[in-house]
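Remarks on the structure that follows.
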Amino acid sequence: MLDTSARLLRLLALLQARPEWTGAELAARLDVTTRTLRRDVQRLRDLDYPVDSVPGPGGGYRLGAGGTLPPLLLDDDEATAVVVGLRAAATHAVAGLPEASVRALAKLDQVLPARLRERTAALAHATVPLPGPAGGVDQALLTALARACRGHQRLNFGYRDHGGAASARAVEPHRLVSTGYRWYLMAFDTERDEWRTFRVDRIGGVTTGGRFAPRDAPDPGAFVAAAVTTAPYRYQARILVHAPLREVSERVTPASGMLQDAGSGRCLLTTGADSLAAMMFHFADLGAEFTVLEPPELVEYLRDVGGRLLRAAGAQS
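If you're matching positions, the sequence shown starts at 2 in the numbering used here and goes up one per residue.
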């Protein structure tokens with residue numbers, strides 16, 4: 002059996018690993034009696050850790066929110082994942098996040114065992130991150146939007162569309178969606194009476210209002226993907242790619258198109274563009290055979306360009 006200090010650390014780690022435990026489960030994990038478990042819980046409370054009791058058959062416990070962040074107990078894989086994630090965050094398009102990531106990395110580096118320091122150093126040496134675009138999202142704004150989504154609080158803010166036109170919006174926020182370099186807020190626009198997508202870096206002057214009852218919402222990932230890959234563009238295309246979804250997904254990001262498995266080693270790509278030429282180059286770069294399903298303008302364009310290319314190739318042969 003673990004000694005008292007080691008057992009308290011183990012108990013704290015278990016409480017952090019899951020939202021809620023029964024007393025019997027915790028006692029079994031620690032190999033102690035429920036009476037000893039109650040004493041250990043009280044010791045944690047005496048050390049100012051907010052361990053709440055949960056009513057119900059047999060009783061239970063959960064780690065509540067306290068005034069300070071309790072020590073996080075991580076295993077080797079978890080510690081490595083945190084370090085890799087923080088290093089990746091240093092290039093993310095969220096203002097202020099790189100500096101915070103560097104400070105957190107410095108603290109972790111002081112306490113990492115030598116074996117983990119060597120592992121994370123090897124990962125850092127072998128990887129080269131590409132920085133995100135200039136003009137990142139403000140971290141405080143992102144946090145405020147996330148809190149409003151979770152708390153079901155109405156929001157009012159100013160918004161600039163892709164053409165720079167300004168407008169005032171009143172929305173019921175639902176989810177934040179990241180496409181890699183961009184953050185989007187999916188929300189119900191109460192004045193327009195429809196679900197909309199807002200680029201977070203175009204939002205300003207946010208104020209919160211009262212709470213609202215959540216509505217039935219479309220899938221946030223699919224909704225935002227459709228909004229950023231097809232809706233803003235003059236042409237919307239659907240093509241059948243004669244290659245497996247796994248291979249095509251390496252060339253198509255969530256911000257450039259939506260992919261669906263079509264069976265028989267094929268997939269369906271839905272995307273948009275303001276010019277047929279841009280679509281043609283995008284599809285040609287997939288490195289696979291494809292069939293255009295729509296729009297008919299793209300079919301005619303490809304026939305015309307294809308004929309000219311064949312004639313050019315014949316003239317040079």
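Ideal Cβ positions, reconstructed from N, Cα and C, are used throughout, including at glycine.
Within the same chain, R170, A171 come within 8 Å of E192 by CB-CB distance, once the 5 residues on both sides are set aside.
G315 carries a helical assignment under DSSP once its states are collapsed to helix, strand and coil.
Beyond the five residues adjoining it in sequence on each side, L75 comes within less than 7 Å, by CB distance, of V83 in the same chain, given in chain order. Judged by DSSP in its simplified three-state form, R193 adopts coil rather than helix or strand.
Partner residues in the beta bridge of G61, as assigned by DSSP, are T23, V55.
Shortest Cα-Cα distance from L143 to any of R200, G57, T81, P296 involves R200. Spanning the alpha carbons of R235 and A274 requires a straight line of approximately 6 Å. P296 is positioned such that its CB atom lies closer than 8 Å to that of Q237.
The beta carbons of T180 and A256 sit about 4 Å from each other, so the pair counts as a contact at 8 Å. Per the DSSP secondary-structure output, Q261 pairs in a beta bridge with L269.
Per DSSP, reduced to three states, the secondary structure at E173 is strand.
Nearest Cα to T271 within the set T292, D4, R304: T292.
By the neighbour-count criterion, in which 16 or more other beta carbons inside 10 Å mark a residue as buried, V229 falls on the buried side. Spatial neighbours of A214 in its own chain (CB-CB distance under 8 Å, excluding positions within 5 residues in sequence) are listed in chain order as H153.
For Y185, the secondary structure class from DSSP, reduced to helix, strand or coil, is strand. In the structure shown, R216 adopts coil according to DSSP, grouped into three states. Taking a contact as a CB-CB distance under 8 Å, the pair L287 and V207 does not count as one, their CB atoms being some 40 Å apart.
Per DSSP, G222 is one residue of the alpha helix (DSSP H) stretching across 221-230. Boundaries of the beta strand (DSSP E) harbouring A238: 236-242, taken from the DSSP string. Ranked by Cα distance from I240, the first of R267, L64, Q43 is R267. DSSP places V300 in the helix class (H, G or I) of the three-state scheme. Of the candidates E195, R203, I204, E195 places its Cα closest to the Cα of R216.
DSSP, reduced to helix, strand and coil, places L48 outside both helices and strands of the structure shown, so it counts as coil.
When DSSP reads this structure, F199 sits in a beta bridge with L186.
Excluding residues up to 5 positions away in sequence, G159, Y160, R161 lie with their Cβ nearer than 8 Å to the Cβ of A167 in the same chain.
In this structure, V242 and A289 form a Cβ contact; the two beta carbons are roughly 5 Å apart against a cut-off of 8 Å.
If you ignore the 5 residues before and after R203, its C-beta comes within less than 8 Å of the C-beta of Y160, R161, D162, all in its own chain and listed in chain order.
Residue L303 holds the alpha-carbon nearest to the alpha-carbon of F282 among D262, A147, L294, L303.
Proximity to T35 across Q43, A25, L13 peaks at A25, based on C-alpha coordinates.
For G152, no beta strand (DSSP E) run applies; the uninterrupted alpha helix (DSSP H) run containing it begins and ends at 140-152, by DSSP.
Around the Cβ of T121, a 10 Å sphere holds 16 or more other Cβ atoms; the residue is buried. Within its own chain, the residues whose Cβ lies closer than 8 Å to the Cβ of A66, once the five positions on either side in sequence are excluded, are P51, listed in chain order. In the displayed model, V306 falls within a helix according to three-state DSSP.
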